[in-house]
Amino acid sequence: MDPHGFLLPGMTRLGYEPTTGKPPFKGMLDVKPLIERPLVLLATATITTENMFSNGLFQNVFLLYRMFDAMGWTPLLLVNTKPKNMDGVPDVIKHCRVITAEDLVKQPIPIKAYIEIGMSLDASLRRFLKMTGARICKLYLGNILNIDIETPVFYPGMHFSHHVVGEMQEIWVSPHYAQHSEYAASLNHVDPGGDRQKVAPYVWDPCMITDDGRRRIQWRPRREDEPERIIIMEPNISFQKSSLVPIMAMERWFRKHPDWNGEIHVFNGERLNMTPFFKETILPTLELHKAGKIKLLGRSDIISITAQYPSATFLLHQWNNEYNYMLFELLWCSFPVIHNAQSWSPYGYCYKGSDLDELGHLYDEVSARHNERLETYRSHARALAWKHSPYNPEIQKGWSDLLRG
Numbered sequence: 000m001d002p003h004g005f006l007l008p009g010m011t012r013l014g015y016e017p018t019t020g021k022p023p024f025k026g027m028l029d030v031k032p033l034i035e036r037p038l039v040l041l042a043t044a045t046i047t048t049e050n051m052f053s054n055g056l057f058q059n060v061f062l063l064y065r066m067f068d069a070m071g072w073t074p075l076l077l078v079n080t081k082p083k084n085m086d087g088v089p090d091v092i093k094h095c096r097v098i099t100a101e102d103l104v105k106q107p108i109p110i111k112a113y114i115e116i117g118m119s120l121d122a123s124l125r126r127f128l129k130m131t132g133a134r135i136c137k138l139y140l141g142n143i144l145n146i147d148i149e150t151p152v153f154y155p156g157m158h159f160s161h162h163v164v165g166e167m168q169e170i171w172v173s174p175h176y177a178q179h180s181e182y183a184a185s186l187n188h189v190d191p192g193g194d195r196q197k198v199a200p201y202v203w204d205p206c207m208i209t210d211d212g213r214r215r216i217q218w219r220p221r222r223e224d225e226p227e228r229i230i231i232m233e234p235n236i237s238f239q240k241s242s243l244v245p246i247m248a249m250e251r252w253f254r255k256h257p258d259w260n261g262e263i264h265v266f267n268g269e270r271l272n273m274t275p276f277f278k279e280t281i282l283p284t285l286e287l288h289k290a291g292k293i294k295l296l297g298r299s300d301i302i303s304i305t306a307q308y309p310s311a312t313f314l315l316h317q318w319n320n321e322y323n324y325m326l327f328e329l330l331w332c333s334f335p336v337i338h339n340a341q342s343w344s345p346y347g348y349c350y351k352g353s354d355l356d357e358l359g360h361l362y363d364e365v366s367a368r369h370n371e372r373l374e375t376y377r378s379h380a381r382a383l384a385w386k387h388s389p390y391n392p393e394i395q396k397g398w399s400d401l402l403r404g
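If you're matching positions, the sequence shown starts at 0 in numbering that gives the first Met the number 0 and goes up one per residue.
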């Protein structure tokens, strides 16, 4: 550039870019030392290798921890007990700062926000944290309205011990649970419909499924000597996520294709066998069962299953419980996923509601052409992951607004 401020021939001249590429909040030198940043507590049970994939809450907690760290806060995991043996703690978790309620009582520190997610404190401890300056917030990442309606129907003697009420100031819910935000607020004696009832941005990142890049899981096309395999992994503990609709869809499809050389493996399927009506009335009538094509298996984790069945197709079904980390994980690893989450209908292979015929039609599409569409499929998965990424500036801004009230 010459002294008059004009570009000379051959000098860099930037064209249009769709994004600014700027960091969301601060330059690196503007990030304060760790001890000077605002503190945020995330309440959770201790995260271990065994429970990391057993409940999405534990992944939620870690991703929020990592996001708050990236935003220039100091997150702390408030756990019930510190792990005695670090061998059982996932590598991605080992660097996290961990504290117990007993530690806080012995040596109080100023807390900006306390967020209950995977563990509840009693009201007296919440009151203590409030006295240290913390805003007391409850983040609901489960469909408590569905659960609390269904539980007394089938378990009339059970109490709702998962609700610990008292001293709560704000209620936050995931976007796909906005329908129960008023119920959650009323339950916790927070003014329903007021400004203390908010929707929190959804967050996901592949770091858990990839173990921060140390683990690579990728779908591959089926070899000619391998049978087609369909995997269904719904927990079968409630009507929200049940294997029954995918099973019945494939039963209808199989009756049109009786020569199919394939298998259906239903994980968490032992729960279906515990239901007399399914075991005695439904299962014996299935042509899939008569032909030995369906196996009802025990519980397993996504890492083990994708390693065992690298060319499988996954069927998902939910009701009033749309967002699902398992869908993200399978998309990221390029496994064909047939699902009914309408909010993510452009991604994967989506059918509506409980449409058995549409699900069967999508299975035909996957079998015939998934490998041809693989690169497009990967691009869609990456786009969806970025939409909810903890490093997306829009997601960070949404959480910053929540944290700062």
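The beta-carbon is built from N, C-alpha and C at its ideal position, and this holds for glycine as well.
If I measure Cβ to Cβ from residue i and keep anything under 6 Å in the same chain, skipping five residues before and after, which residues do I get?
i: L282; result: H288
i: G268; result: L295, L296
i: W342; result: Reading off the sequence, residue 342 comes out as Ser, not Trp. Excluding sequence neighbours, S342 sits near E321.
i: S353; result: V244
i: I302; result: none
Where does residue i sit, in a helix, a strand or coil, going by DSSP?
i: K197; result: strand
i: T209; result: helix
i: V189; result: coil
i: M0; result: Because M0 carries a pLDDT of 48, less than 50, the predicted location of this residue cannot be relied on, and no value is offered for it.
i: F266; result: coil
i: F57; result: helix
i: L7; result: coil
i: Y64; result: helix
i: Y154; result: coil
i: V91; result: coil
i: T99; result: strand
i: V39; result: strand
i: P283; result: helix
i: A306; result: helix
i: H175; result: helix
i: F238; result: coil
i: I148; result: helix
i: L329; result: helix
i: W338; result: The amino acid at residue 338 is misidentified as Trp; the sequence shows His. In the structure shown, H338 sits in a strand (DSSP, three-state: E or B).
i: A454; result: An answer regarding residue 454 cannot be provided, because it is not within the stretch 0 to 404 covered by the chain.
i: F52; result: coil
So is residue i buried or exposed if we call it buried at 16+ other beta carbons inside 10 Å?
i: R96; result: exposed
i: T280; result: exposed
i: K255; result: exposed
i: L41; result: buried
i: H179; result: buried
i: G87; result: exposed
i: A340; result: buried
i: H338; result: buried
i: E286; result: exposed
Could you name the residues of the same chain whose beta carbon sits closer than 8 Å to that of residue i, not counting the 5 residues immediately before and after it, in chain order?
i: E262; result: P226, E227, R228, I229, K292, I293, K294
i: S310; result: W218, R219, P220, R221, R222, E225, R228
i: Q168; result: K129, R134, I135, C136, V189, R195
i: F266; result: I230, I231, M232, L296, G297, R298, S299, I304
i: A44; result: N50, F57, V78, N79, G117, M118
Using 8 Å as the threshold, is the C-beta distance between residue i and residue j below it?
i: K396; j: Q317; result: no
i: L77; j: A100; result: yes
i: H94; j: Y322; result: no
i: I110; j: L128; result: yes
i: W252; j: G359; result: yes
i: I92; j: F61; result: yes
i: D204; j: P389; result: yes
i: R381; j: S333; result: no
i: L361; j: Y348; result: yes
i: A384; j: F327; result: yes
i: P191; j: A184; result: yes
i: W171; j: L401; result: yes
i: R125; j: W72; result: no
i: S399; j: M66; result: no
i: P82; j: T47; result: yes
i: Y324; j: G132; result: no
i: N142; j: N319; result: yes
Could you tell me the distance, in whole angstroms, from the CA atom of residue i to the CA atom of residue j?
i: T274; j: A306; result: 30 Å
i: Y201; j: F276; result: 37 Å
i: L103; j: L33; result: 18 Å
i: H369; j: H264; result: 20 Å
i: E115; j: R372; result: 41 Å
i: V244; j: I108; result: 51 Å
i: G117; j: N79; result: 10 Å
i: N145; j: L38; result: 33 Å
i: N272; j: V30; result: 55 Å
i: L329; j: L140; result: 20 Å
By Cβ distance below 7 Å, which residues in the same chain neighbour residue i in space, the five residues on each side in sequence not counted?
i: E149; result: S237, F238
i: G404; result: R134
i: D210; result: D90, V91
i: V365; result: T312, P335, I337, Y348
i: W331; result: P205, I208, A380, A384
Mind checking whether the beta-carbon of residue i lies closer than 7 Å to any heavy atom of the ligand ATP?
i: D90; result: In terms of ligand content, the structure shown is empty, and the ligand ATP therefore cannot be addressed.
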